[in-house]
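Novice: I'd like to ask some things about the structure below.
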Amino acid sequence: MKLMSWVLLGYVGIVSFGVLIFLKGKPEGNSFFDKSWRFIVRTVPDILKTCARKLGGDRAEKCLVDSWTYVVWSCNPFVQIFYLLIICAGYAVFVLHGYGELPNKYCGGWHKYTGFATFLWCIYNFGMASMKDPGVITERNLKAVERMFPFDEKIFSSGIECTTCSFVKPARSKHCGLCNWCVAKFDHHCIWINNCVGLQNHYYFLMFLLSNALICLYCVALGVPILYAFVEQRRLWDAVFIDPKTKEQYGASYTLILQYCMATKGYLVLLVFLCAFMSCVLVGFFGWHIWLVLAGTTTNELNKWSSLRWALGEKYKSDLEEYAEALQRYQTQQEEIRNDRPLASDEEILEQPTMPEDLRGRVGKDANIYNKGWWSNLQIVLFPPDVHGSEFVSKEKGRRAAEEPAGRGGSGGAEEVAETNRNAKAESSANQGPQQRSKNTAQRRVVEKTSRNYKDS
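Going by the numbering used here, the sequence shown opens with residue 56, and the numbers climb by one from there.
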């Protein structure tokens, strides 16, 4: 009882911590989850390499690095095999320890067939998500994919070349270093399916999450009544429990009945608890991805926006420090002028510095030109085009030409955003002196360079 409880608590704790690091941790930043992410991804491998080198020399270190590279940084079926073992073992446990209690007072025998159908549905979605082409970009469909989505010149800039595939990357695409290909409307690389999630298999990935969430919920919804009927059939609520050591008698309680169930139906109890926890994780993960779909964005794009905001925030902090120093110099000089103190012959009269703008305010929800409304966003996931089909390659050009340029999601939306930015810059520049304009020009170059670094990733 105690061992299984500790195993359950340890599993829940490790998975919860891993999920939080995955969702909230990032390479930059100083939060607890950011530092934990860097510790797991960077520090732990360095520690392991150091230990291997000290224990076995350079050969041991090379062997460890090669193994780590294959397991972590290359496509391999290890996690897929692990998933199949988990779901098959879980279903086998339920068949061996749960189906024998059906039918009962609360559940009919037909649950044996619906449970098997749900299990097959999970396997089907797993297979489709794993084997379905995510929307690989080739020389043949490159131009058609380029015409699907315009460049927003914020997180996706025109003219950025993929050095591996040797072509200009279309907007919303990304090169996957594990699969070694560029994927249209790239979301992320999923280790559970050993495949990228992109334009063409996003639907099956969502169904993969949904089916696994539902089978976990089904296990809980069926397992709890089975255990309750098991308790009632043995009249445990009226039973008297005797301590084998002290021979002291105890009346039935939730704790004692749970201990009895753990001793007689321990595998089923543990499975129900694990499924209850995993259903919360999977439902939350599925809901998060549905929100991304309805918002017209992807995991990759969300990370790019987050990185861009972080870079602009760091620049704003630096600008504030420079502004404070410039303001101090300006006020000191003005004080000297008011007191009729002579200035050096080569000293330049300073202009009052302008308060820097926090550019993060321009990266708002309206900045996403790919959000065409929740229904249109959902349709492209439910009914994606076949990027390798002749119809898509030949007709995509005509479809894009027939679209109205105006609107939030079309190329007119990108032009409107660019025109607004140009007008704002022109108005701000008209109110500044030559020194400040020169300084702002240099700062803009820093932002553009920083932003481009994130776009290249």
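Note that CB positions come from ideal geometry on N, CA and C, so glycine has one too.
(1) Near residue 292, what residues of its chain come up, given a Cβ to Cβ distance below 6 Å and the 5 sequence neighbours on each side ignored?
(2) If you reduce the DSSP assignment to three classes, tell me which class residue 237 lands in.
(3) Within a Cβ cutoff of 7 Å, which residues of the same chain sit near residue 173, ignoring the five residues on either side of it in sequence?
(4) With distance defined between alpha-carbon atoms, name the residue in 430, 84, 364 nearest to residue 210.
(5) Below 8 Å on the Cβ atoms is my guess for residue 217 versus residue 234; work out the distance and round it to an integer in Å.
(6) Across which residues does DSSP place residue 304 in a beta bridge pair?
(7) Beta-carbon within less than 8 Å of residue 261's beta-carbon, same chain only, minus the 5 sequence neighbours each way: which residues are those?
(8) If residue 149 and residue 326 are in contact, beta carbons under 8 Å, what's the gap, nearest whole angstrom?
(9) Could you tell me if residue 333 is buried or exposed, where buried requires 16 or more neighbouring beta carbons within 10 angstroms of its beta carbon?
(10) When DSSP builds the beta bridges, which residues end up paired with residue 106?
(11) According to DSSP, is residue 150 helix, strand or coil?
(12) Which residues in the same chain as residue 275 place their Cβ atom closer than 8 Å to its Cβ, once the five residues preceding and following it in sequence are excluded?
(13) Should residue 408 be labelled buried (16 or more other beta-carbon atoms within 10 Å of its own) or exposed?
(14) Whose C-alpha, out of 139, 322, 66, 368, is nearest the C-alpha of residue 246?
(15) Residues in its own chain within less than 7 Å of residue 483 by CB, not counting five upstream and five downstream?
(16) Use the C-beta contact count for residue 439: other C-beta atoms within 10 angstroms, 16 or more gives buried, fewer gives exposed.
(17) Since residue 232 and residue 242 are thought to touch, with beta carbons under 8 Å apart, how far apart are those beta carbons, to the nearest angstrom?
(18) Would you kindly report the start and end of the unbroken alpha helix (DSSP H) that includes residue 177?
(19) Is it the case that the Cβ atoms of residue 312 and residue 153 are separated by a distance below 8 Å?
(20) With contact counted as at least three CB pairs below 8 Å, one residue from each stretch, are the region 112-131 and the region 152-169 in contact?
(21) Which whole-angstrom value describes the C-beta separation of residue 214 and residue 223, a residue pair presumed to lie in contact below a C-beta threshold of 8 Å?
(22) What residues in its chain sit with their C-beta under 7 Å from that of residue 177, if we drop five residues either side in the sequence?
(23) Give me, in chain order, the residues of the same chain whose beta-carbon lies closer than 8 Å to that of residue 7; leave out the 5 immediate sequence neighbours on both sides.
(24) Using alpha carbons as the reference points, say which of 198, 368, 146, 279 lies closest to residue 175.
(25) Taking residue 290 as the reference, give the member of 85, 315, 301, 441 with the closest Cα.
(26) Measure the alpha-carbon distance for residue 529 versus residue 188 and round it to whole angstroms.
(27) If you draw a straight line from the C-alpha of residue 81 to the C-alpha of residue 375, how long is it?
(28) Given a cut-off of 8 Å, decide if residue 425 and residue 351 are closer than it, judged by their beta-carbon atoms.
(29) What does DSSP give as the partner residue(s) for residue 243 in the beta ladder?
(30) From residue 100 to residue 128, what distance separates their C-alpha atoms?
(31) In whole angstroms, what is the alpha-carbon distance linking residue 124 and residue 70?
(32) Out of 401, 277, 87, state which residue places its alpha-carbon closest to the alpha-carbon of residue 171.
(33) Let me check one thing: in DSSP terms, what residues is residue 222 bridge-paired to?
(34) Evaluate residue 485 with the Cβ neighbour count: other Cβ atoms within 10 Å of its Cβ, from every protein chain shown; 16 or more gives buried, anything less gives exposed.
(35) Residue 231 by DSSP, collapsed to three states: which one?
(36) According to DSSP, residue 191 sits in a beta bridge with which residue or residues?
Specialist: On the basis of the supplied data:
(1) Taking residue 292 as the centre and dropping the five residues before and after it, the same chain places the C-beta of 307 closer than 6 Å to its C-beta, in chain order.
(2) It is a strand residue.
(3) Correct list, in chain order: 269, 270, 273.
(4) Among 430, 84, 364, the Cα nearest to that of residue 210 is on 364.
(5) The pair is not a contact, with the Cβ atoms about 13 Å apart (cut-off 8 Å).
(6) In the DSSP secondary-structure assignment, residue 304 is bridged to 297.
(7) Within the same chain, residue 261 has close Cβ partners 341, 344, 345, 348, 436.
(8) With a beta-carbon spacing of about 6 Å, residue 149 and residue 326 fall inside the 8 Å limit used to define contacts.
(9) Taking all protein chains in view, the Cβ of residue 333 is crowded by 16 or more other Cβ atoms within 10 Å, so the residue is classified as buried.
(10) Its beta-bridge partners do not exist; DSSP assigns none.
(11) Residue 150 carries a helical assignment under DSSP once its states are collapsed to helix, strand and coil.
(12) By the criterion of a C-beta distance shorter than 8 Å, residue 275 is surrounded in its chain by 327, 330, 331, 334, once the five residues flanking it on both sides are discounted.
(13) Flag for residue 408 reads buried.
(14) The shortest C-alpha separation from residue 246 is found at 139.
(15) Model confidence at residue 483 stands at a pLDDT of 44, short of 50, so the residue's coordinates are unreliable; what they give is reported in the following sentence. Excluding positions up to five away in sequence, the list is empty.
(16) Result: buried.
(17) The pair is not a contact, with the Cβ atoms about 15 Å apart (cut-off 8 Å).
(18) Its alpha helix (DSSP H) spans residues 166-186.
(19) No. Outside cutoff.
(20) No, they do not touch.
(21) Separation of the CB atoms of residue 214 and residue 223 is rounded to 6 Å, and the pair is thereby assigned contact status at 8 Å.
(22) These residues qualify, in order along the chain: 142, 266, 267, 270.
(23) The requested residue 7 is not part of the displayed model; the chain covers only 56 to 512.
(24) Comparing Cα-Cα distances from residue 175 to each of 198, 368, 146, 279, the minimum goes to 146.
(25) Checked all of 85, 315, 301, 441; the closest Cα to residue 290 is 315.
(26) Coverage of the chain is limited to positions 56 through 512, which leaves residue 529 absent and any answer about it impossible.
(27) Cα to Cα, residue 81 sits roughly 25 Å from residue 375.
(28) Cβ distance < 8 Å, so residue 351 and residue 425 count as in contact.
(29) Beta-bridge partners of residue 243 (DSSP): 252.
(30) Distance between the alpha carbons of residue 100 and residue 128 is about 12 Å.
(31) Cα-Cα distance, rounded: 23 Å.
(32) Here the closest residue by C-alpha is 277.
(33) Looking at the DSSP assignment, residue 222 forms a beta bridge with 217.
(34) Any reading at residue 485 must be qualified, since the residue scores a pLDDT of 44, below 50, and its modelled position is unreliable; the value itself is stated next. Classification of residue 485: exposed, given that the 10 Å Cβ count is below 16.
(35) The answer is strand: DSSP assigns residue 231 an E or B state.
(36) Looking at the DSSP assignment, residue 191 forms a beta bridge with 238.
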